[in-house]
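So in this note's numbering, spot 45 of the sequence shown is number 295, and the numbers just go up one at a time. Encoded as structure tokens, the structure appears first; notes follow it.
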Amino acid sequence: MNPSPALMVRMVLTAWETQHKRTTKVFDSLSDEQLLKEIAPGRNRGVYLLGHLTAVNDNLFKLFGLGEPSLPTFYDQFVKEADQPEAALPPIATLRKQWTDTGAALLKAMNTLTPEQWFDRHTAVSAEDFAREPHRNKLNVLMTRITHEGYHHGQLILLQPKEQA
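Here's what the structure looks like:
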């Protein structure tokens, strides 16, 4: 059997949604106090990862040609800059809401793309580069984001008490 592009896209979208739900479940299980803790000494705090993953998802709107990010300052604060405990961050309640809202809006927007559009280039690759490297498409970006979120999901679990993890 040769899987159709539509089936391949559906599989990846389902994987993204599953990973996003798993990460949301961990965020929801952590108190604000737990989110303020470092994953390990000298490493990211949970609150930073909440902002970081929100910023990465928000940036997908631009990469996929679905519009501009709704949280443009987040990219600089949570992607370009490392976690800085002394830096002023938005309130955790605000970050939680933005995580939820961004994820829901992104899923809705991604579901508007046709299978063919998923195999088109993303906005960060030139037409010339895409002609040489057609794997640099939107679907490939989403697959890397699933892995990225899964990596941070594993870190976040370390913030849960042992009996909860």
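In this text, a Cβ means the ideal position worked out from N, Cα and C, and glycines have one as well. Since the structure is predicted, the reported quantities are computational estimates derived from the model, not experimental observations.
For arginine 260 and proline 384, I'd like the C-alpha separation in whole angstroms. Reading the sequence shown from its first residue, position 10 is the one you call residue 260. Reading the sequence shown from its first residue, position 134 is the one you call residue 384. If I take the Cα positions, the gap works out to 20 angstroms.
Let me check understanding here. Comparing Cα to Cα, which of Tyr298, Gly404, Phe277, Leu363 lies closest to lysine 330? Working through the sequence shown from its first residue, we reach residue 330 at position 80. If we check each option's Cα against that of lysine 330, Tyr298 comes out closest.
So, at 6 angstroms on beta carbons, what are the nonlocal neighbours of proline 365 in its own chain, with the 5 sequence-adjacent residues on each side left out? Counted from its first residue, the sequence shown places residue 365 at position 115. Contacts found: Pro255, Ala256, Val259.
Using the rule of at least 16 other Cβ atoms within 10 Å of the residue's Cβ for burial, across every protein chain shown, is arginine 295 buried or exposed? Indexing the sequence shown from 1 puts residue 295 at position 45. So arginine 295 counts as buried.
Which residues does DSSP list as the beta-bridge partners of asparagine 387? Walking along the sequence shown from the start, residue 387 turns up at place 137. For asparagine 387, the pairing in a beta bridge is given by DSSP as Arg371.
Nearest-angstrom Cα separation, counted from glycine 317 out to leucine 285: Here residue 285 corresponds to residue number 35 of the sequence shown, with the count starting at 1. Here residue 317 corresponds to residue number 67 of the sequence shown, with the count starting at 1. The straight-line gap from Cα to Cα measures roughly 30 angstroms.
Just the Cα atoms here: how many angstroms apart are lysine 388 and alanine 265? Reading the sequence shown from its first residue, position 138 is the one you call residue 388. Reading the sequence shown from its first residue, position 15 is the one you call residue 265. One C-alpha to the other measures close to 15 angstroms.
Based on Cα-Cα distance, which residue from Ala359, Lys412, Gly404 lies nearest to leucine 313? Position 63 of the sequence shown, counted from the first residue, corresponds to residue 313. Nearest C-alpha to leucine 313: Ala359.
Using the rule of at least 16 other Cβ atoms within 10 Å of the residue's Cβ for burial, across every protein chain shown, is alanine 305 buried or exposed? Here residue 305 refers to the residue found at position 55 of the sequence shown. When all chains shown are included, alanine 305 counts as buried.
Beta-carbon separation (whole angstroms), threonine 274 vs glycine 353, contact threshold 8 angstroms: As a position in the sequence shown, residue 274 is number 24, starting the count at 1. As a position in the sequence shown, residue 353 is number 103, starting the count at 1. The distance from the Cβ of threonine 274 to that of glycine 353 is about 7 angstroms, consistent with a contact at the 8 angstroms cut-off.
Limits of the unbroken alpha helix (DSSP H) element including isoleucine 342: The residue labelled residue 342 in the question sits at position 92 within the sequence shown. Unbroken alpha helix (DSSP H) run through isoleucine 342: 342–360.
In chain order, which alpha helix (DSSP H) runs of at least 4 residues are fully inside the stretch 253–323? Under the rule that a run must span 4 or more residues, the alpha helix (DSSP H) segments found entirely inside the stretch 253–323 read 255–279, 282–285, 296–313.
Which first and last residues belong to the alpha helix (DSSP H) in which phenylalanine 328 is found? The sequence position of residue 328 within the sequence shown is 78, counting from 1. Note, phenylalanine 328: premise wrong, no alpha helix (DSSP H); not H, not E.
Report the option in His302, Asp370, Thr350 whose CA atom is closest to the CA atom of leucine 339. In the sequence shown, the residue the question calls residue 339 occupies position 89. For leucine 339, the nearest C-alpha among the options comes from His302.
Bounding residues of the alpha helix (DSSP H) (the contiguous stretch that carries alanine 377): Here residue 377 is taken as the residue at index 127 of the sequence shown, counted from 1. Start and end: 377–382.
If you pair each beta-carbon of the stretch 362–379 with each one of the stretch 397–405, do three or more pairs fall below 8 angstroms? no
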